[in-house]
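> This structure is in structure tokens; I'll ask about it shortly.
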Amino acid sequence: GQQLNQSPQSMFIQEGEDVSMNCTSSSIFNTWLWYKQDPGEGPVLLIALYKAGELTSNGRLTAQFGITRKDSFLNISASIPSDVGIYFCAGHISGNTPLVFGKGTRLSVIA
Amino acid sequence: DSGVTQTPKHLITATGQRVTLRCSPRSGDLSVYWYQQSLDQGLQFLIQYYNGEERAKGNILERFSAQQFPDLHSELNLSSLELGDSALYFCASSTSIDTQYFGPGTRLTVL
């Protein structure tokens, strides 16, 4: 099936630093979504992207839908301890296909 | 709180047994999705229901089945359980296919 390659797998950063993670695919996607999952909880939707080139912010989070429609990135500025968790990218190839998820980026923030 | 509820939160059972996981979608959402998340893995799509009808199928084993009832709640039935079925099982709901909201999950442990 379709796969999303998410990198890095894990990151250790100092509080206050900016973070960048990305997701790539060999297929064109119509929608890109970014979720955050805290331990023992369900993923929470952070940002949804619907058009190539779209840049969307949610507080300290910014995500972009790549112009080739085969990638997306998520930036977190001025990280804080509660940013700790696993960040998943997900996407739809077409309107009727199920969401495909990346394997996640595990973020650790050192105070 | 996403508005999606799942019960039970935890389930411990033995190999060969059968269990039922329950999901209530957000008010107004007609679509329900089931996902499996194994340790350190991304979310694997199992199956989708829309207004009581099966809409899409992913990597769902034949030992697993699901249904969506007239009140839109859904149940995922797992039978002849194996050790490898131990995982987090998430339900998500949506009004549009693009943005799915996840429940807190059911942690299944097969001993």
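Sequence order for the protein chains is A and B. Under my numbering, think of the first position of the first sequence as 1228, with each following residue one higher. Under my numbering, think of the first position of the second sequence as 44, with each following residue one higher. Even for Gly, the Cβ is constructed at its ideal location relative to N, Cα and C. If you're wondering where the values come from, they're calculated on a predicted model, not measured in any experiment.
1. Are residue 122 (chain B) and residue 61 (chain B) touching if we call contact CB-CB under 8 Å?
2. What are the boundary residues of the beta strand (DSSP E) that includes residue 94 (chain B)?
3. Spell out whether any CB of chain A is found under 8 Å from the CB atom of residue 88 (chain B).
4. Under 9 Å between beta-carbons, which chain A residues line up against residue 67 (chain B)? List them in chain order, please.
5. Keeping to the same chain, check which residues put their C-beta closer than 7 Å to that of residue 71 (chain B); ignore five residues upstream and five downstream.
6. In this structure, what does DSSP give as the bridge partners for residue 1319 (chain A)?
7. Is there a Cβ of chain A sitting closer than 8 Å to that of residue 71 (chain B), yes or no?
8. Select from the stretch 94-120 of chain B all residues with a C-beta closer than 9 Å to any C-beta belonging to chain A, and list them in chain order.
9. Among the candidates B:88, B:92, B:134, whose CA atom is the shortest distance from the CA of residue 155 (chain B)?
10. So, with DSSP's three-state summary, where would you put residue 1309 (chain A)?
11. Ignore the nearest five residues each way along the sequence and tell me which others in residue 1282 (chain A)'s own chain have a CB closer than 7 Å to its CB.
12. Could you tell me the alpha carbon to alpha carbon distance between residue 133 (chain B) and residue 1236 (chain A), rounded to whole angstroms?
13. Find the residues of chain B that neighbour residue 1329 (chain A), judging by a C-beta separation of less than 7 Å, and give them in chain order.
14. Could you confirm whether any beta carbon from chain B is found closer than 8 Å to the beta carbon of residue 1290 (chain A)?
15. For the beta strand (DSSP E) that contains residue 105 (chain B), what are its first and last residues?
16. Report the residue from A:1302, A:1330, A:1298, A:1299 whose alpha carbon sits nearest the alpha carbon of residue 1313 (chain A).
The relevant details are as follows:
1. The answer is yes: Cβ separation under 8 Å.
2. From DSSP, residue 94 (chain B) is part of no beta strand (DSSP E); its letter is neither H nor E.
3. Chain A contact via Cβ: present.
4. Chain A residues near residue 67 (chain B): none, gap ~13 Å exceeds 9 Å.
5. For residue 71 (chain B), where only same-chain residues beyond five positions count, the Cβ hits under 7 Å are 138.
6. Residue 1319 (chain A) is bridged to A:1258.
7. Cβ-Cβ to chain A under 8 Å: no for residue 71 (chain B).
8. The stretch 94-120 of chain B vs chain A, Cβ under 9 Å: 98, 99, 100, 101, 102.
9. Since the first residue of chain B shown is 44 and the last is 154, residue 155 (chain B) is not available in this structure.
10. Per DSSP, reduced to three states, the secondary structure at residue 1309 (chain A) is helical.
11. Within its own chain, the residues whose Cβ lies closer than 7 Å to the Cβ of residue 1282 (chain A), once the five positions on either side in sequence are excluded, are 1289, 1291, listed in chain order.
12. Rounded to the nearest angstrom, the two C-alpha atoms are 22 Å apart.
13. Correct list: 85.
14. No, residue 1290 (chain A) lies away from the interface with chain B (no Cβ there is under 8 Å from its Cβ).
15. From DSSP, residue 105 (chain B) is part of no beta strand (DSSP E); its letter is neither H nor E.
16. The option with the nearest alpha carbon to residue 1313 (chain A) is A:1330.
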